[in-house]
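2 protein chains.
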Amino acid sequence: MNIQIINTGSELMLGRVLNTHQQWLCRQLADRGYQVTRQVAIDDTGVAIQQAVREALAVADLMIVTGGLGPTSDDRTRDLIAQLLGRPLLEDPAVVAHIDGFFSGRQRPMPASTRVQALVPEGAMVLANAHGTAPGLVMDATRAGRAASLLIMLPGPPRELRPMFADQVVPLILKRFPLETTFVCRTLKTTGLGESMVEEKIAPRLQALTEAGLDLGYCARNGEVDVRFVARGHAAGASVAEAERITRGLLGDAIFGSEDERLEDVVVGLLRERRETVALAESCTGGFIANRLTNVPGASAVLLGGLVTYSNEAKEKLIGVQAATLAAHGAVSEATVREMAEGVRRLLGATYGVAVTGIAGPGGGTLEKPAGTVWIGVATATRTISLRQFNAYDRETFKYVTSQQALDILRRGAGRGT
Amino acid sequence: MNIQIINTGSELMLGRVLNTHQQWLCRQLADRGYQVTRQVAIDDTGVAIQQAVREALAVADLMIVTGGLGPTSDDRTRDLIAQLLGRPLLEDPAVVAHIDGFFSGRQRPMPASTRVQALVPEGAMVLANAHGTAPGLVMDATRAGRAASLLIMLPGPPRELRPMFADQVVPLILKRFPLETTFVCRTLKTTGLGESMVEEKIAPRLQALTEAGLDLGYCARNGEVDVRFVARGHAAGASVAEAERITRGLLGDAIFGSEDERLEDVVVGLLRERRETVALAESCTGGFIANRLTNVPGASAVLLGGLVTYSNEAKEKLIGVQAATLAAHGAVSEATVREMAEGVRRLLGATYGVAVTGIAGPGGGTLEKPAGTVWIGVATATRTISLRQFNAYDRETFKYVTSQQALDILRRGAGRGT
Numbered sequence: 002m003n004i005q006i007i008n009t010g011s012e013l014m015l016g017r018v019l020n021t022h023q024q025w026l027c028r029q030l031a032d033r034g035y036q037v038t039r040q041v042a043i044d045d046t047g048v049a050i051q052q053a054v055r056e057a058l059a060v061a062d063l064m065i066v067t068g069g070l071g072p073t074s075d076d077r078t079r080d081l082i083a084q085l086l087g088r089p090l091l092e093d094p095a096v097v098a099h100i101d102g103f104f105s106g107r108q109r110p111m112p113a114s115t116r117v118q119a120l121v122p123e124g125a126m127v128l129a130n131a132h133g134t135a136p137g138l139v140m141d142a143t144r145a146g147r148a149a150s151l152l153i154m155l156p157g158p159p160r161e162l163r164p165m166f167a168d169q170v171v172p173l174i175l176k177r178f179p180l181e182t183t184f185v186c187r188t189l190k191t192t193g194l195g196e197s198m199v200e201e202k203i204a205p206r207l208q209a210l211t212e213a214g215l216d217l218g219y220c221a222r223n224g225e226v227d228v229r230f231v232a233r234g235h236a237a238g239a240s241v242a243e244a245e246r247i248t249r250g251l252l253g254d255a256i257f258g259s260e261d262e263r264l265e266d267v268v269v270g271l272l273r274e275r276r277e278t279v280a281l282a283e284s285c286t287g288g289f290i291a292n293r294l295t296n297v298p299g300a301s302a303v304l305l306g307g308l309v310t311y312s313n314e315a316k317e318k319l320i321g322v323q324a325a326t327l328a329a330h331g332a333v334s335e336a337t338v339r340e341m342a343e344g345v346r347r348l349l350g351a352t353y354g355v356a357v358t359g360i361a362g363p364g365g366g367t368l369e370k371p372a373g374t375v376w377i378g379v380a381t382a383t384r385t386i387s388l389r390q391f392n393a394y395d396r397e398t399f400k401y402v403t404s405q406q407a408l409d410i411l412r413r414g415a416g417r418g419t
Numbered sequence: 002m003n004i005q006i007i008n009t010g011s012e013l014m015l016g017r018v019l020n021t022h023q024q025w026l027c028r029q030l031a032d033r034g035y036q037v038t039r040q041v042a043i044d045d046t047g048v049a050i051q052q053a054v055r056e057a058l059a060v061a062d063l064m065i066v067t068g069g070l071g072p073t074s075d076d077r078t079r080d081l082i083a084q085l086l087g088r089p090l091l092e093d094p095a096v097v098a099h100i101d102g103f104f105s106g107r108q109r110p111m112p113a114s115t116r117v118q119a120l121v122p123e124g125a126m127v128l129a130n131a132h133g134t135a136p137g138l139v140m141d142a143t144r145a146g147r148a149a150s151l152l153i154m155l156p157g158p159p160r161e162l163r164p165m166f167a168d169q170v171v172p173l174i175l176k177r178f179p180l181e182t183t184f185v186c187r188t189l190k191t192t193g194l195g196e197s198m199v200e201e202k203i204a205p206r207l208q209a210l211t212e213a214g215l216d217l218g219y220c221a222r223n224g225e226v227d228v229r230f231v232a233r234g235h236a237a238g239a240s241v242a243e244a245e246r247i248t249r250g251l252l253g254d255a256i257f258g259s260e261d262e263r264l265e266d267v268v269v270g271l272l273r274e275r276r277e278t279v280a281l282a283e284s285c286t287g288g289f290i291a292n293r294l295t296n297v298p299g300a301s302a303v304l305l306g307g308l309v310t311y312s313n314e315a316k317e318k319l320i321g322v323q324a325a326t327l328a329a330h331g332a333v334s335e336a337t338v339r340e341m342a343e344g345v346r347r348l349l350g351a352t353y354g355v356a357v358t359g360i361a362g363p364g365g366g367t368l369e370k371p372a373g374t375v376w377i378g379v380a381t382a383t384r385t386i387s388l389r390q391f392n393a394y395d396r397e398t399f400k401y402v403t404s405q406q407a408l409d410i411l412r413r414g415a416g417r418g419t
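If you read the sequences in order, they're chains A and B.
Going by this note's numbering, 167 is the number at position 166 of the first sequence; the sequence numbering is gapless.
Going by this note's numbering, 80 is the number at position 79 of the second sequence; the sequence numbering is gapless.
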């Protein structure tokens, strides 16, 4: 099966935006057993779009075009493809009503220019856009002498494209292009181990399965490593299940979840289950841990509150860290992080007080405490643990990795009880 | 000039890694007046690579291929391209010495497999790799009846590719393909207006310039819209400057910055300039505003502290919102947001107290206050302003857009003084 993705947009070719669609769409398809053959990015000029679509149409069974469905003059994908396929554009009253409702729901007037998004090529199927105004479009682009082929146009903004693809396009693809053999894909998510360490631990014990056809892959991200099993054929399910069993035995609680679970989802879920709560005192992570937890719907049952105590004054005034502790040990120290964790727990009456204090960099480091140094503390009513880490990364990666370590202590602690 | 980028790698097509090369290379070239015509990503199989290279060779003046120069069995770019162009591979003693030095410098033995990286297609120029072992390669791929064309192969790891491109490839391109005309590119960043609204306001007044050749583009992101002007030729500078002047006149302080500036950079910069400080009380944004501000190096001079007051209790206990206010008006109300902003400002002694309280959703909404409802308040020593917004998006977009609105009040307020 030949699958082609075409990403349109001058902002792509000028390097103004990062093309996240490629990875996301390729991943969505690969996890379901479909591998993308080629991805092409082009300018949104008429010549470039029509040429790329024409070339892809000559070989593709499935073709996905992103971007250029919006209301402005550089949104030309719909028109150009309709023209190329010889289909007139007709206004769809249901789409007009949706756009009108979108603006009136936000108590804003509907700009006249947005109405162009209701134009639909004759014979195309409309994909409703739950998060914006431009609908997606599905067209049959079968050509003489070739098997059926499908052309799908999706709006450019990720928060519109992603739910539309997952909810509406995936079922369509599964129906139109059923896989010939069973396909099983399973991802386990780990944290606390590097990629080489994960491989060293599991690869030798999985060798028999990989020799029999199991595909074993690793993907290292900031603060976590994914392990992926892929198998095809009638024994696929058994092979992947056996690989998971062996891997869980070897990696134990370094595995925090599976598929697309985020560490924050797992932590909020665990705490809710146990009816436990958390209070945060963040210095160097500057609210990022609170932000990750509050990205999870229902976090309010778990997170009582958080404090961003960037200055020493805030540490003293808000959570009662003693001036003497700060003077004797400094803000980035075990003594300070323990007082922070204990202080914020007491202040908000939570099961856990979690605190971080460190030097995010690029400035602020010393020989003894270089940028990247960070202390993490977690307090319960009966004990406080503290941990020194060295996360020498750029500022945003530092915050991410540190938040990962703090959440992971909470996950392991929450699992063991207080 | 036709420029083609080819990114090779199975991990790209499986969606396991994000292709950052496209944006980075496109941006490097665009900022120097070269626009990439097409970018293609393919699997690292022989068929896919040779076909993509053959197609690009037929049209490209400059062709950049990334990945597949390393020592493992899936690194096949060098061999396949040499074969396609009919050039034998010869071992380059200088490259062997470099690889040998690379390993001995790290006190590690040189694996035999790495020696394959010293194979150079006959006639190719070697680009030294300061951060790894695989050299880059430059080949003349001029074909009969066509102007000179250049094929450049670069190693896949960004920390090897980027300095090699900037230091060695850019001078080569500037020499081989001198620009015929002046090139000017300018981006203005706006917030507070939708994409259609921005276009409606400026497009008619810029029509004379666009008809004379100015390229006008828009890029909508969450809570902001970029306006981009590109012009070429002897009048390019004047044309872009005139477009900027007109646009600034029409959009006024909806323009918060230019090029790659982020709103948080601008806000931290403005507050630092004025030696003003901020204290945050975040409910529904859950620390995201604090997180954005602390992503800016030097934010500690500006952000005194922040509170994530997710619960009513935290609102009362931490910043002194009155129980009577919460009982009479609810947590999501003008009265509450004003007390939050005033309370946190007083608590931390900041110039500005910024507060948000709302319903991020998906749950928690009522008929009167549906999910997406949010109140934003900003207090100074002398006055407090408050603003109701309706941000009906998914949870993370809600947080982003709300933080954008809050930061923008701070920006406009900070500009007008207290």
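Cβ coordinates follow ideal geometry from the N, Cα and C atoms, glycine included.
8 Å Cβ cutoff met for residue i and residue j
i, j, result
"Met-279 of chain A", "Leu-272 of chain A", "A small fix is needed here, since residue 279 of chain A is Val in this sequence, not Met. Yes. Within cutoff."
"Asn-307 of chain B", "Met-341 of chain B", "Before going on, a small fix: residue 307 of chain B reads as Gly here, not Asn. No, Cβ-Cβ distance for Gly-307 of chain B and Met-341 of chain B is not below 8 Å."
"His-235 of chain A", "Thr-191 of chain A", "no"
"Val-345 of chain B", "Trp-376 of chain B", "no"
"Asn-223 of chain B", "Thr-367 of chain B", "no"
"Thr-374 of chain B", "Gly-359 of chain B", "yes"
"Gln-405 of chain A", "Leu-215 of chain A", "no"
"Thr-134 of chain A", "Val-66 of chain A", "no"
"Ala-336 of chain B", "His-330 of chain B", "yes"
"Met-154 of chain A", "Leu-70 of chain A", "yes"
"Thr-326 of chain B", "Leu-319 of chain B", "no"
"Leu-86 of chain A", "Gln-51 of chain A", "no"
"Pro-122 of chain A", "Leu-128 of chain A", "no"
"Arg-28 of chain A", "Gly-16 of chain B", "yes"
Length of the line joining the Cα atoms of residue i and residue j
i, j, result
"Glu-317 of chain A", "Leu-194 of chain B", "41 Å"
"Tyr-35 of chain A", "Leu-348 of chain A", "52 Å"
"Leu-58 of chain B", "Arg-177 of chain B", "17 Å"
"Ser-312 of chain A", "Leu-304 of chain B", "8 Å"
"Val-241 of chain B", "Leu-151 of chain B", "31 Å"
"Tyr-401 of chain B", "Arg-79 of chain A", "29 Å"
"Gly-288 of chain A", "Ala-300 of chain A", "15 Å"
"Ile-174 of chain A", "Arg-233 of chain A", "18 Å"
"Gln-118 of chain A", "Ser-197 of chain A", "49 Å"
"Thr-46 of chain B", "Gly-253 of chain B", "53 Å"
"Phe-166 of chain A", "Gly-124 of chain B", "47 Å"
"Pro-179 of chain A", "Trp-25 of chain B", "37 Å"
"Asn-130 of chain B", "Arg-163 of chain B", "10 Å"
"Leu-63 of chain B", "Ala-53 of chain A", "19 Å"
"Asp-261 of chain A", "Val-41 of chain B", "27 Å"
"Val-269 of chain A", "Arg-412 of chain A", "9 Å"
Residue range of the unbroken alpha helix (DSSP H) whose run includes residue i
i, result
"Asp-266 of chain B", "264-274"
Whole-Å CB distance - residue i paired with residue j, under 8 Å assumed
i, j, result
"Glu-277 of chain A", "Tyr-353 of chain A", "7 Å"
"Leu-90 of chain B", "Ala-83 of chain B", "5 Å"
"Ala-31 of chain B", "Cys-186 of chain B", "6 Å"
"Asn-296 of chain A", "Asn-292 of chain B", "Wrong, their Cβ atoms sit about 11 Å apart, outside the cutoff."
"Glu-12 of chain A", "Cys-285 of chain B", "Actually they do not touch by this definition, with Cβ atoms about 31 Å apart."
Residue interval of the beta strand (DSSP E) (run including residue i)
i, result
"Gly-67 of chain B", "The residue asked about is misnamed: residue 67 of chain B is Thr in this sequence, not Gly. First-last of the beta strand (DSSP E) with Thr-67 of chain B: 63-67."
"Cys-220 of chain A", "216-222"
"Asp-76 of chain A", "First-last for Asp-76 of chain A: undefined, no H or E at that position."
"Val-171 of chain B", "Run containing Val-171 of chain B: none in the beta strand (DSSP E); it sits in the alpha helix (DSSP H), 171-177."
"Met-341 of chain A", "Run containing Met-341 of chain A: none in the beta strand (DSSP E); it sits in the alpha helix (DSSP H), 335-349."
"Ser-387 of chain A", "385-391"
The ligand MG heavy atom lying under 7 Å from the CB of residue i
i, result
"Gly-321 of chain B", "Absence of the ligand MG is noted for the structure shown, with no ligands found whatsoever."
Contact list for the region 325-346 of chain A against chain B, Cβ threshold 8 Å: Sequence-ordered contacts of the region 325-346 of chain A with chain B are nonexistent [C-beta pairs closer than 8 Å].
Near-chain B residues of the region 21-42 of chain A - C-beta to any C-beta below 9 Å: Residues are counted here when their Cβ sits less than 9 Å from a Cβ of chain B; for the region 21-42 of chain A these are Thr-21, Gln-23, Gln-24, Trp-25, Leu-26, Cys-27, Arg-28, Gln-29, Leu-30, Ala-31, Asp-32, Gln-36, Val-37, Thr-38, Arg-39, Gln-40, Val-41, Ala-42, given in chain order.
Under 8 Å, CB to CB, which of the residues in the region 392-403 of chain B have a partner in chain A? Listed by position, the residues of the region 392-403 of chain B near chain A (Cβ gap below 8 Å) are Ala-393, Tyr-394, Asp-395, Arg-396, Glu-397, Thr-398, Lys-400.
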